[in-house]
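Heads up: the structure comes next, in structure tokens.
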Amino acid sequence: MASQVSSSADQAVLGEQREPGKEIRRLDRVIIRFAGDSGDGMQLTGDRFTSETASFGNDLSTLPNFPAEIRAPAGTLPGVSSFQLHFADHDILTPGDRPDVLVAMNPAALKANIGDLPRGAEVIVNTDEFTKRAMAKVGYDASPLDDGSLSAYAVHEVPLTSLTVEALKEFELTRKEAERSKNMFALGLLSWMYHRPTEGTETFLRKKFAKKPQLAQANIAAFRAGWNFGETTEDFAVTYEVAPAADTFPPGTYRNISGNLALAYGLVTASRRSGLPLFLGSYPITPASDILHELSKHKNFGVRTFQAEDEIAGIGAALGAAFGGSLAVTTTSGPGIALKSETIGLAVSLELPLLVVDIQRGGPSTGLPTKTEQADLLQAMYGRNGEAPVPVVAPATPGECFTAALEAARIALTYRTPVFLLSDGYLANGSEPWRIPDLDELPDLRVDFATEPNHTADDGTQSFWPYLRDPATLARPWAIPGTPGLEHRIGGIEKQDGTGNISYDPANHDLMVRTRQAKVDGITVPDITVDDPTDQATTLVLGWGSTYGPITAAVRRVRGAGRQIAQAHLRHINPFPANLEKVLKAYDHVIIPEMNLGQLATLIRARYLVDARSYTQVTGLPFKAEQLAHALKEAIDVVD
Amino acid sequence: MSSTEPQPNPYAAALSLVPAADTKQTMKDFKSDQEVRWCPGCGDYAILAAVQGFLPELGLKRENIVFVSGIGCSSRFPYYMNTYGMHSIHGRAPAIATGLATSRRDLSVWVITGDGDALSIGGNHLIHALRRNVNLKILLFNNRIYGLTKGQYSPTSEVGKITKSTPMGSLDAPFNPVSLALGAEASFVARTIDSDRKHLTDVLRQAAAHHGTALVEIYQNCNIFNDGAFDSLKDRDTADEALIRLEHGAPIRFGTGGEKGVIRDRATGELTVVTVTDETADQVLVHDAHAPSPATAFALSRLADPDTLHHTPIGVLRTVDRPVYDTAMAEQLDAAVEQNGEGDLAALLAGTDTWTVVG
Numbered sequence: 009m010a011s012q013v014s015s016s017a018d019q020a021v022l023g024e025q026r027e028p029g030k031e032i033r034r035l036d037r038v039i040i041r042f043a044g045d046s047g048d049g050m051q052l053t054g055d056r057f058t059s060e061t062a063s064f065g066n067d068l069s070t071l072p073n074f075p076a077e078i079r080a081p082a083g084t085l086p087g088v089s090s091f092q093l094h095f096a097d098h099d100i101l102t103p104g105d106r107p108d109v110l111v112a113m114n115p116a117a118l119k120a121n122i123g124d125l126p127r128g129a130e131v132i133v134n135t136d137e138f139t140k141r142a143m144a145k146v147g148y149d150a151s152p153l154d155d156g157s158l159s160a161y162a163v164h165e166v167p168l169t170s171l172t173v174e175a176l177k178e179f180e181l182t183r184k185e186a187e188r189s190k191n192m193f194a195l196g197l198l199s200w201m202y203h204r205p206t207e208g209t210e211t212f213l214r215k216k217f218a219k220k221p222q223l224a225q226a227n228i229a230a231f232r233a234g235w236n237f238g239e240t241t242e243d244f245a246v247t248y249e250v251a252p253a254a255d256t257f258p259p260g261t262y263r264n265i266s267g268n269l270a271l272a273y274g275l276v277t278a279s280r281r282s283g284l285p286l287f288l289g290s291y292p293i294t295p296a297s298d299i300l301h302e303l304s305k306h307k308n309f310g311v312r313t314f315q316a317e318d319e320i321a322g323i324g325a326a327l328g329a330a331f332g333g334s335l336a337v338t339t340t341s342g343p344g345i346a347l348k349s350e351t352i353g354l355a356v357s358l359e360l361p362l363l364v365v366d367i368q369r370g371g372p373s374t375g376l377p378t379k380t381e382q383a384d385l386l387q388a389m390y391g392r393n394g395e396a397p398v399p400v401v402a403p404a405t406p407g408e409c410f411t412a413a414l415e416a417a418r419i420a421l422t423y424r425t426p427v428f429l430l431s432d433g434y435l436a437n438g439s440e441p442w443r444i445p446d447l448d449e450l451p452d453l454r455v456d457f458a459t460e461p462n463h464t465a466d467d468g469t470q471s472f473w474p475y476l477r478d479p480a481t482l483a484r485p486w487a488i489p490g491t492p493g494l495e496h497r498i499g500g501i502e503k504q505d506g507t508g509n510i511s512y513d514p515a516n517h518d519l520m521v522r523t524r525q526a527k528v529d530g531i532t533v534p535d536i537t538v539d540d541p542t543d544q545a546t547t548l549v550l551g552w553g554s555t556y557g558p559i560t561a562a563v564r565r566v567r568g569a570g571r572q573i574a575q576a577h578l579r580h581i582n583p584f585p586a587n588l589e590k591v592l593k594a595y596d597h598v599i600i601p602e603m604n605l606g607q608l609a610t611l612i613r614a615r616y617l618v619d620a621r622s623y624t625q626v627t628g629l630p631f632k633a634e635q636l637a638h639a640l641k642e643a644i645d646v647v648d
Numbered sequence: 004m005s006s007t008e009p010q011p012n013p014y015a016a017a018l019s020l021v022p023a024a025d026t027k028q029t030m031k032d033f034k035s036d037q038e039v040r041w042c043p044g045c046g047d048y049a050i051l052a053a054v055q056g057f058l059p060e061l062g063l064k065r066e067n068i069v070f071v072s073g074i075g076c077s078s079r080f081p082y083y084m085n086t087y088g089m090h091s092i093h094g095r096a097p098a099i100a101t102g103l104a105t106s107r108r109d110l111s112v113w114v115i116t117g118d119g120d121a122l123s124i125g126g127n128h129l130i131h132a133l134r135r136n137v138n139l140k141i142l143l144f145n146n147r148i149y150g151l152t153k154g155q156y157s158p159t160s161e162v163g164k165i166t167k168s169t170p171m172g173s174l175d176a177p178f179n180p181v182s183l184a185l186g187a188e189a190s191f192v193a194r195t196i197d198s199d200r201k202h203l204t205d206v207l208r209q210a211a212a213h214h215g216t217a218l219v220e221i222y223q224n225c226n227i228f229n230d231g232a233f234d235s236l237k238d239r240d241t242a243d244e245a246l247i248r249l250e251h252g253a254p255i256r257f258g259t260g261g262e263k264g265v266i267r268d269r270a271t272g273e274l275t276v277v278t279v280t281d282e283t284a285d286q287v288l289v290h291d292a293h294a295p296s297p298a299t300a301f302a303l304s305r306l307a308d309p310d311t312l313h314h315t316p317i318g319v320l321r322t323v324d325r326p327v328y329d330t331a332m333a334e335q336l337d338a339a340v341e342q343n344g345e346g347d348l349a350a351l352l353a354g355t356d357t358w359t360v361v362g
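The listed protein sequences derive, respectively, from chains L and E. Add 8 to the 1-based position in the first sequence for our numbering, that's all there is to it. Add 3 to the 1-based position in the second sequence for our numbering, that's all there is to it.
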């Protein structure tokens, strides 16, 4: 058997075996959703299809959607895990609203997802799992495959499980082991349907199962069997081609990247560009843990990752490292921020650089750990005792998480302040093509530690005043332990301006509160840009964070329908860009879509006295472009 | 060891990465310009003086010493030390110090905390610091009361303590900090008393020489809210009977003329205090602070009566070598470089699956 396996591995790549005779249709974009039990490997399948698609050169956007339970009860609706991928020959902004193709690995996956499909969509069902018992479990009295309820769709009934087992019968695997490769069979079939390159997946499988070559070969065999099944069976008469998105991307080298990976890389890069060692203090929490995992791999970059006993210790250790001169970071999600609030306040008072990364998820309390939301904005802005201003940076796309990390580091290091980086579950797990930056185009983040006394007393003696500020930035000097002559003590008690000694003086407290606020207000951030192609729009749609994709897609639809609308997107929420007021007041109407109950709108209305209107959704899922376009059109209609 | 050989530096293992001072230091070098604001008569003064008096002995550069504290009376301590210092928030000093010590192995990091700070709001951080064995020295000032908030009972107060928040007496059983630390896998645990400068200094010396986390519980008198809490251990008439002074390698004898001793009950394995006779003299337990198992140290810690503090052991109960967290982390970083080379940022960002768009 071993020789058979190796000879099969040597055979020509799959694409070259494609036989003539099957129709090929050209499409400009496709939305595919893989859905199955949470143990069916749908996330891996989606990831692989995404990688194939990325390396083919399509633009793409993804939406993983999975339950919080690691193994929810098998075959149930809550246990369904799905991965949606939108790819195109042009630039796209969202994972798509309604899948053109659904791969349903069991009745639960069909039932949970069929409502999202437009008429005419293709549905590939794994008929092996449509047993009476499995169907009854999700409330199907009769088989949806027989009762005509799927007549609006093009249904492909494929016994994925048994075909996979059959394809792997020469491997010494139990039936259960063989069945596990059915996701690779499905991936092979879809790869055939959409002319995806396959070498990457085979290489990936060899690497993933390097220590179990038998399993590598079995998965590759299942993958190829799926591909061959499409090629030979009559049921699949058409394949589809989606050309690379050649004109979409500026020249450069690209890769696919998820938000959390981009954020982790941004942190490593910020460490290199600042010349400061990276220290991450963190406690595992969904959906932020992947940043901890990723950074833990990069110890050869001098990265120290500290898995703390709790959220408070995570940020505490980071703050201690910041005092010692590290580029200090803590990563968490909303519940963790609640626990870290007191330490963030201490960092505000100590005026030390510290990155606080919040990968937002559904709340309140434990909420929806694996779903996305933008409802921590006001917590980031105001969730501390006393007047404790903290800058807030928010990336708009998965790839932007990289630049947001660098920007947050710039602000923290320049102004000696904690900085919030607000990502969310959708950005964290979603992915998109990302142009790999040249190192010399990245910002210089080098810092100067204090090395000399900065104060001379009347009698000529020199001393170090830890709160003597840079007049331009209002930043205080960062003197790290080990620097002779600059020994000093700092703490959370109010300090005397300049000397940093404890002070309960009323006027001094008033001065210090206002100075800390002025420092944050004075942070230089780039102006917001407005997209208003005709300059005739009277309505502005303003967004922040991960709503960028859906808002932009919706704006295109609105404009495609002949209406005027201007769009602007905030990457800095504290402080706001200096030109924001002018931008807002240039339009008669402002609408703000958010995945919360109007938190940015509250800030905008309070700050600028602009009658901004909210459009909100808190489903744990991103906006759909169509729904948002409808809302924007209605907003314009009301105005017009 | 012959007398001609040079004396080994006792602090070499714990402080080898901390640079030595160029000149001889005195106590004055460690006094900051800030006015000390504890209540007159507070036990904290004695501890401050002992620490300031002891530090010159270490001979470390002053700028490489950091004191980190939480919240409470004792946590004002860093302001009075002419070193680097941070007065942080309630209970979190061990976590903050862990980040500092882990990222800066060239520093000598000290945590100043109290019974409320370390054992109540910060209990989690304390036990995990001890478990990790980061190179930290934790001085826990135990006055068995909340002083800064004006006199509520603390997690070390005896049951039935009448305070403002417990007018009918406190209900909860106290922690024994030494027992707690031993249970939390501490590699160094000691107890001393504010008023015994010599003993306190000797314990500080041993703590400083320990590589890893050292927990030193210091009984400290709060003369405002819990005055005399440790009088039974300090009063000449009672101290001999109440205090068990532990010396590594010495039989555990105490009492007037050393007539009392600690022996192990053969039936139960428990430690008991007996009046030593000629028959029992050779059964008296010899203190072994280096015993790999913390079991006997724990049993010693349980001899003390939680109400009267009768039979309270002081001295170093346990000091053992165990892997030190910050050292192990540094070794992992070195090993990663050895295995994979210095991180290559361009290669990291590019990953393995790329494609090129030509303009």
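C-beta atoms are modelled at their ideal positions from N, C-alpha and C, and glycine is treated no differently. It should be emphasised that the depicted structure is a prediction, and the values quoted were computed from it without experimental measurement.
Does any CB atom of chain L fall closer than 7 Å to the CB of E:R107?
Output row for E:R107: interface = yes.
Can you grab the Cα-Cα spacing for the pair L:E381 / L:D432, in whole Å?
Each residue's Cα considered, the two are about 7 Å apart.
In terms of residues, what are the limits of the alpha helix (DSSP H) holding L:F584?
Neither: L:F584 is in no alpha helix (DSSP H) and is coded neither H nor E.
Report buried or exposed for L:E178, applying the criterion of at least 16 other Cβ atoms within 10 angstroms of its Cβ.
L:E178 should be labelled exposed.
Applying the 10 Å Cβ sphere with the 16-neighbour rule, what's the burial state of E:L66?
For clarity, residue 66 of chain E is Glu in the given sequence; the question names Leu instead. Looking at its Cβ environment, which holds 16 or more other Cβ atoms inside 10 Å, E:E66 is buried.
With distances taken between CB atoms, is the gap from L:Q51 to L:P75 smaller than 7 Å?
No, they are not a contact pair.
According to a CB-to-CB cut-off of less than 7 Å, which residues of the stretch 299-315 of chain L neighbour chain E?
Per Cβ criterion, the list reads H306, K307, N308, F309, G310, R312, F314.
Can you tell me the Cα-Cα spacing of L:T548 and L:R424, whole angstroms?
The amino acid occupying residue 548 of chain L in the given sequence is Leu; Thr does not appear at that position. Taking the straight line from one Cα to the other gives about 35 Å.
Output, in chain order, the set of chain L residues within a Cβ distance shorter than 9 Å of E:E66.
Within 9 Å Cβ-Cβ: P489, G490, T491, P492, G493, L494, E495.
Since L:G499 contacts E:M89 with CB under 8 Å, what's their CB separation in whole angstroms?
Yes, they are in contact, since the Cβ atoms of L:G499 and E:M89 sit about 6 Å apart, within 8 Å.
Classify L:W4 as helix, strand or coil using the three-state DSSP reduction.
It is not possible to answer for residue 4 of chain L, since the shown part of chain L is limited to 9 through 648.
Here's the rule: buried if 16 or more other CB atoms are within 10 angstroms of the residue's CB, otherwise exposed. What is L:V646?
Answer is exposed; the Cβ neighbour count stays below 16.
Should the stretch 266-281 of chain E be called in touch with the stretch 292-308 of chain E, which here means at least 3 C-beta pairs below 8 Å?
Flag = yes, the stretch 266-281 of chain E and the stretch 292-308 of chain E touch.
Consider the Cβ of E:R95: report whether some Cβ of chain L lies at a distance smaller than 7 Å.
It does: the Cβ of E:R95 has a partner Cβ on chain L nearer than 7 Å.
In three-state terms, what does DSSP make of E:A217?
Note: E:A217 maps to strand in three-state DSSP.
Between the alpha carbons of L:V88 and L:I78, how many angstroms are there, rounded?
C-alpha separation (whole angstroms): 11 Å.
Touching or not, the stretch 68-77 of chain E and the stretch 105-117 of chain E, by the rule of three or more beta carbon pairs under 8 Å?
Touching, per the Cβ criterion.
Is L:E317 closer than 7 Å to E:H131 when the C-beta atoms are compared?
In contact: E:H131 and L:E317 (Cβ atoms closer than 7 Å).
By the DSSP assignment, the beta strand (DSSP E) with L:E60 in it spans what residues?
Where L:E60 is concerned, there is no enclosing beta strand (DSSP E), although the alpha helix (DSSP H) it sits in stretches over 50-64.
Our contact map puts L:I531 next to L:I419 with C-beta atoms below 8 Å; I'd like the distance itself, whole angstroms only.
So it is a contact: roughly 6 Å between Cβ atoms.
Between the Cα of L:S46 and those of L:D243, L:A160, L:Q470, L:R188, spot the shortest distance and give me the residue it belongs to.
Residue L:R188 is the option with its Cα nearest to L:S46.
Tell me which residues share the same chain as L:D243 and place their Cβ nearer than 7 Å to its Cβ, disregarding the 5 neighbours each side in the sequence.
Hits under 7 Å: H164.
Ignore the nearest five residues each way along the sequence and tell me which others in L:H94's own chain have a CB closer than 6 Å to its CB.
Once the five neighbours on either side are set aside, the close Cβ partners of L:H94 are I39, S69, I100, P103, G104.
Along chain E, in chain order, which residues have C-beta atoms closer than 7 Å to that of L:F257?
Here the neighbours are V360.
Would you kindly work out how many angstroms separate the C-alpha atoms of L:M192 and L:Q225, rounded to a whole number?
Approximately 12 Å between the Cα atoms of the pair.
Please report the straight-line C-alpha distance between L:A586 and E:D337, rounded to a whole angstrom.
Their backbone Cα atoms lie some 46 Å apart in a straight line.
Anyone know if the C-beta pair for L:G260 and L:R443 falls short of 7 Å?
Yes.
I'd like the ranges of any beta strand (DSSP E) spanning at least 3 consecutive residues and lying wholly in the stretch 36-86 of chain E.
For the stretch 36-86 of chain E, whole beta strand (DSSP E) runs of length 3 or above, ordered along the chain, are 68-72.
From L:L453 to L:I299, what does the alpha carbon distance come to, in whole angstroms?
Taking the straight line from one Cα to the other gives about 21 Å.
Please classify L:N308: does DSSP put it in a helix, a strand, or coil?
Three-state result, L:N308: helix.
Closer than 9 Å, Cβ to any Cβ of chain L: which residues of the stretch 68-92 of chain E, in chain order?
From the stretch 68-92 of chain E, only I68, V69, F70, V71, S72, I74, S78, R79, P81, Y82, Y83, M84, N85, T86, Y87, G88, M89, H90, S91, I92 have a Cβ closer than 9 Å to chain L.
How many angstroms separate the CA atom of E:V21 from the CA atom of E:T330?
Their backbone Cα atoms lie some 13 Å apart in a straight line.
For L:F428, which residues of its own chain have a beta-carbon under 6 Å away from its beta-carbon, when the five flanking residues on both sides are left out?
The answer, listed in chain order, is V364, A388, V398, V400.
Should the stretch 209-225 of chain E be called in touch with the stretch 178-193 of chain E, which here means at least 3 C-beta pairs below 8 Å?
Flag = yes, the stretch 209-225 of chain E and the stretch 178-193 of chain E touch.
Given a cut-off of 7 Å, decide if L:A458 and L:A487 are closer than it, judged by their beta-carbon atoms.
For L:A487 and L:A458, yes; Cβs fall inside 7 Å.
Given a cut-off of 7 Å on the beta-carbon distance, is the pair E:L139 and E:A100 in contact?
Yes, the pair counts as a contact, with Cβ atoms nearer than the cut-off.
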